[in-house]
Amino acid sequence: MSENLLEVKDLKKYYPVKSSSLFGKERVLKAVDGVNFSIKKGETFGLVGESGCGKSTIGRSIIRLHDITSGNIFFDGDDIASLNEKGLKKYRRRMQAVFQDPYASLNPTMNVFELISEPMKIHGNPTPAEQKDTILSLLDQVGLKKDHLYRYPHEFSGGQRQRVSIARALSVNPDFILCDEPISALDVSVQAQVVNMLEDIQEKTGVTYLFIAHDLSMVRHISNRIGVMYLGDIVEIAESDELYTEPLHPYTQALLSAIPEPDTTIAKRERIVLSGEVPSPLNAPSGCKFRTRCPHAMDICREVVPPMLAIGNGRQVACHLYDEEGKIIE
Amino acid sequence: MNKRKWNGVKRELFKNKYALMAFVLLIVFLIAALFAFLSPFDPNKMSIIDKLQSPNGKHLFGTDEYGRDYFTRVLYGARVSLAVGFLSMIVAVVIGTTVGTVSGYFGGWIDNILMRFVEVLMSIPSFFLMLLLNAYMKPGITTLVLIIGFFTWMEIARIVRSETLSIKEREYVMYAKASGQSSFLTITKHIIPNIAPTIIIAGTLNIATAILMESSLSFLGLGVQQPNSSWGSMLNSAQGYIGEAWHLTLFPGFLILFTVLCFNVLGDVLRVAFEPKGANGEKK
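Heads up: the sequence lines are chains A and B, in that order.
Number 115 in UniProt numbering belongs to position 115 of the first sequence; there are no gaps in the numbering.
Number 256 in UniProt numbering belongs to position 256 of the second sequence; there are no gaps in the numbering.
Laid out in structure tokens, this is it:
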């Protein structure tokens with residue numbers, strides 16, 4: 001549990017945005033603006049944040065769906081950030097992905113057998129019989145039946161499709177699976193089944209997850225550690241229980257206060273309602289990006305970008321309210 | 001393509017009277033063309049005493065200026081017209097799909113170069129270019145097919161490119177990329193099967209265009225050479241006798257008209273059948 005499988009260093013992904021007028025200057029959209037974090041072997045790292053804060057961009061950068069602007073991505077010690085497609089091939093097997101939309105993540109013209117055998121054929125040369133054996137055991141593992149083998153995606157429900165996606169990701173024995181909001185399109189009851197299944201699989205195979213979501217209670221359930229993102233930056237990283245019991249960053253506090261509490265006997269957290277909208281990443285505020293909506297904003301927040309402070313126990317926070325020990329500066 | 005879509009095509013075909021008529025008519029033309037050899041007459045055998053007969057019991061469509069049975073010539077002409085239409089469609093679809101998917105999938109400078117090339121080709125009045133090329137090449141069916149194919153693929157390429165642009169953002173294409181699938185297999189396994197309906201529609205409409213082009217080229221004497229016949233070349237030779245033998249222009253002319261019309265109607269039916277529900281759900 002101690003060795004890092006994945007280490008992201010100062011990851012930046014900027015998108016050039018062409019101005020609509022002919023002579024307007026080109027601007028850059030800073031989708032991910034210098035992010036650092038690491039994921040240990042066999043753990044689940046959760047990434048939460050509002051829509052458009054760059055969660056999926058980080059995920060897609062790690063599995064190298066697109067080139068990044070700058071930074072390093074160390075996978076099992078090797079920097080994969082600048083490898084070309086040829087060099088990436090052997091890492092492609094070890095990194096798999098499960099995407100959000102169960103209706104768009106499976107090719108509608110292929111049946112389950114073809115879908116799951118595709119990555120196997122890319123990274124090996126199994127005979128059809130071997131493929132079938134592997135796929136049948138995978139289907140069993142994700143709770144699908146044998147007679148689903150030759151069905152097409154439109155014959156499945158959303159939850160079943162997501163199981164097919166997971167079986168497909170597992171078919172090449174990956175070390176790392178990017179789960180890009182795998183449950184947010186599912187019903188709550190199905191969400192729990194899928195999350196429990198992901199946990200069972202992790203227990204059996206020791207696979208590492210990067211779990212991207214915006215459902216905070218589900219993330220707490222599955223993640224060992226959680227990173228909270230705001231406008232392209234990670235503002236806080238903590239063990240998941242610690243994050244929920246004692247959020248440090250004002251943004252985390254506001255996010256957590258928005259979780260509905262089903263048990264009415266428990267005293268409610270004080271609801272922190274943030275004012276205003278998320279600023280456009282095209283025109284991010286100077287200094288701390290959260291200062292325009294932060295209830296504790298100070299003068300220093302306007303001028304100085306808060307550094308990521310490591311305050312012990314693997315906990316990190318980027319806020320001017322705290323000193324090196326994690327104490328509030330009076 | 002899955003079964004559901006084909007059922008949609010079937011349903012649409014039987015719901016739409018004109019479509020069914022068009023389909024049946026095309027099948028009839030096709031069968032007639034295939035079984036042209038059953039005709040008791042030799043399409044190329046001249047007989048001066050029988051020349052320019054009006055339609056009668058022996059010669060259903062009458063005879064032409066050399067006394068050849070016009071019905072048999074129409075049947076053999078149908079072979080050429082349909083074959084040229086179909087084969088040039090294949091050529092156009094193959095080039096158009098390749099250029100369109102490559103351009104849309106890779107984007108960037110590849111896309112820029114290919115699309116500017118397409119625009120250049122489209123801006124040249126292709127018919128004159130065809131005339132020019134035809135003058136330098138040996139006239140014949142192969143030449144016709146290649147030339148028509150080479151000058152009608154641009155529309156298909158543009159349609160395919162825009163469909164590819166939308167499909168390549170789907171998560172299953174991203175997954176294929178993330179799991180290391182080669183670009184070639186991503187295009188052939190994930191993109192082309194999912195834009196097949198569009199390709200089929202574009203192809204169907206392309207047949208109609210190709211048949212018209214073949215007729216125009218043959219009409220100008222640049223297509224099929226005598227004594228072989230195609231509908232266009234028959235129109236060409238008939239124009240000198242339009243006063244004395246009106247039927248000589250009537251039959252090939254109407255056959256071209258009906259065939260092109262049928263392919264257009266069918267293309268429209270396919271478009272409606274393949275469109276997602278809701279877009280055409282309202283009753284007309």
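Heads up, the beta-carbon is just placed ideally off N, CA and C, and yes, glycines get one too.
Any C-beta of chain B under 9 Å from that of residue i
{"i": "residue 95 (chain A)", "result": "yes"}
{"i": "residue 83 (chain A)", "result": "no"}
{"i": "residue 80 (chain A)", "result": "no"}
{"i": "residue 3 (chain A)", "result": "no"}
{"i": "residue 220 (chain A)", "result": "no"}
{"i": "residue 108 (chain A)", "result": "yes"}
{"i": "residue 126 (chain A)", "result": "no"}
{"i": "residue 16 (chain A)", "result": "no"}
{"i": "residue 8 (chain A)", "result": "no"}
{"i": "residue 68 (chain A)", "result": "no"}
{"i": "residue 303 (chain A)", "result": "no"}
{"i": "residue 279 (chain A)", "result": "no"}
{"i": "residue 317 (chain A)", "result": "no"}
Chain A within 9 Å of residue i, Cβ atoms only
{"i": "residue 178 (chain B)", "result": "yes"}
{"i": "residue 175 (chain B)", "result": "yes"}
{"i": "residue 181 (chain B)", "result": "yes"}
{"i": "residue 193 (chain B)", "result": "yes"}
{"i": "residue 190 (chain B)", "result": "yes"}
{"i": "residue 277 (chain B)", "result": "Annotation note: pLDDT 48 at residue 277 (chain B) (below 50); position unreliable, coordinate value reported separately. No, residue 277 (chain B) does not count as interfacial toward chain A."}
Under 7 Å from the C-beta of residue i: neighbouring residues of chain B
{"i": "residue 104 (chain A)", "result": "170, 171 and 172"}
{"i": "residue 89 (chain A)", "result": "180"}
{"i": "residue 203 (chain A)", "result": "Chain B residues near residue 203 (chain A): none, gap ~24 Å exceeds 7 Å."}
{"i": "residue 26 (chain A)", "result": "By Cβ distance, chain B contributes nothing, its closest Cβ being about 17 Å from residue 26 (chain A), past 7 Å."}
{"i": "residue 182 (chain A)", "result": "Neighbours of residue 182 (chain A) on chain B: none; closest Cβ ~11 Å, over 7 Å."}
{"i": "residue 135 (chain A)", "result": "The premise fails here: residue 135 (chain A) is roughly 15 Å from chain B at the closest Cβ pair, so nothing lies under 7 Å."}
{"i": "residue 212 (chain A)", "result": "Residues of chain B passing the Cβ test: none, with the nearest at roughly 13 Å."}
Run of the beta strand (DSSP E) containing residue i, from where it starts to where it stops
{"i": "residue 95 (chain A)", "result": "95 to 98"}
{"i": "residue 211 (chain A)", "result": "208 to 213"}
{"i": "residue 226 (chain A)", "result": "225 to 230"}
{"i": "residue 46 (chain A)", "result": "44 to 48"}
{"i": "residue 179 (chain A)", "result": "176 to 180"}
{"i": "residue 238 (chain A)", "result": "233 to 239"}
Secondary structure of residue i, DSSP reduced to three states
{"i": "residue 70 (chain A)", "result": "strand"}
{"i": "residue 236 (chain B)", "result": "helix"}
{"i": "residue 110 (chain A)", "result": "coil"}
{"i": "residue 268 (chain B)", "result": "helix"}
{"i": "residue 317 (chain A)", "result": "strand"}
{"i": "residue 281 (chain B)", "result": "With a pLDDT of 40 at residue 281 (chain B), under the threshold of 50, the modelled position of this residue cannot be trusted; read the value that follows with caution. Of the three classes helix, strand and coil, the one that applies to residue 281 (chain B) here is coil, per DSSP."}
{"i": "residue 119 (chain A)", "result": "helix"}
{"i": "residue 1 (chain A)", "result": "Model confidence at residue 1 (chain A) stands at a pLDDT of 44, short of 50, so the residue's coordinates are unreliable and nothing is read from them."}
{"i": "residue 105 (chain A)", "result": "coil"}
{"i": "residue 13 (chain B)", "result": "helix"}
{"i": "residue 27 (chain A)", "result": "strand"}
{"i": "residue 32 (chain A)", "result": "strand"}
{"i": "residue 78 (chain A)", "result": "strand"}
{"i": "residue 6 (chain A)", "result": "strand"}
{"i": "residue 150 (chain B)", "result": "helix"}
{"i": "residue 257 (chain A)", "result": "helix"}
{"i": "residue 273 (chain B)", "result": "helix"}
Within chain B, partners of residue i - CB distance below 8 Å
{"i": "residue 92 (chain A)", "result": "178, 179 and 180"}
{"i": "residue 101 (chain A)", "result": "171"}
{"i": "residue 324 (chain A)", "result": "Those within 8 Å of residue 324 (chain A) in chain B number zero; the least Cβ separation is about 39 Å."}
{"i": "residue 63 (chain A)", "result": "178"}
{"i": "residue 118 (chain A)", "result": "176, 179, 181 and 189"}
Range of the contiguous alpha helix (DSSP H) that encloses residue i
{"i": "residue 202 (chain B)", "result": "192 to 219"}
{"i": "residue 111 (chain B)", "result": "108 to 123"}
{"i": "residue 44 (chain B)", "result": "From DSSP, residue 44 (chain B) is part of no alpha helix (DSSP H); its letter is neither H nor E."}
{"i": "residue 134 (chain B)", "result": "126 to 136"}
{"i": "residue 139 (chain A)", "result": "128 to 141"}
{"i": "residue 163 (chain A)", "result": "158 to 170"}
{"i": "residue 298 (chain A)", "result": "Note, residue 298 (chain A): premise wrong, no alpha helix (DSSP H); not H, not E."}
{"i": "residue 221 (chain A)", "result": "216 to 222"}
{"i": "residue 179 (chain B)", "result": "From DSSP, residue 179 (chain B) is part of no alpha helix (DSSP H); its letter is neither H nor E."}
Interface residues of chain B facing residue i [CB-CB closer than 9 Å]
{"i": "residue 123 (chain A)", "result": "179 and 180"}
{"i": "residue 306 (chain A)", "result": "The contacting residues do not exist; residue 306 (chain A) stays about 33 Å from chain B at best."}
Rounded Cβ spacing between residue i and residue j (contact assumed at less than 8 Å)
{"i": "residue 315 (chain A)", "j": "residue 238 (chain A)", "result": "5 Å"}
{"i": "residue 32 (chain A)", "j": "residue 62 (chain A)", "result": "Actually they do not touch by this definition, with Cβ atoms about 11 Å apart."}
{"i": "residue 328 (chain A)", "j": "residue 321 (chain A)", "result": "6 Å"}
{"i": "residue 224 (chain B)", "j": "residue 218 (chain B)", "result": "5 Å"}
{"i": "residue 231 (chain A)", "j": "residue 210 (chain A)", "result": "No, residue 231 (chain A) and residue 210 (chain A) are not in contact; Cβ-Cβ is about 20 Å, not under 8 Å."}
Beta carbon proximity, residue i to chain D, threshold 9 Å
{"i": "residue 222 (chain A)", "result": "The structure shown contains no chain D; its protein chains are A and B."}
beta-carbon residue i near the ligand FAD non-hydrogen atom, thresh 8 Å
{"i": "residue 152 (chain A)", "result": "For the ligand FAD, the structure offers nothing, since it holds no ligand at all."}
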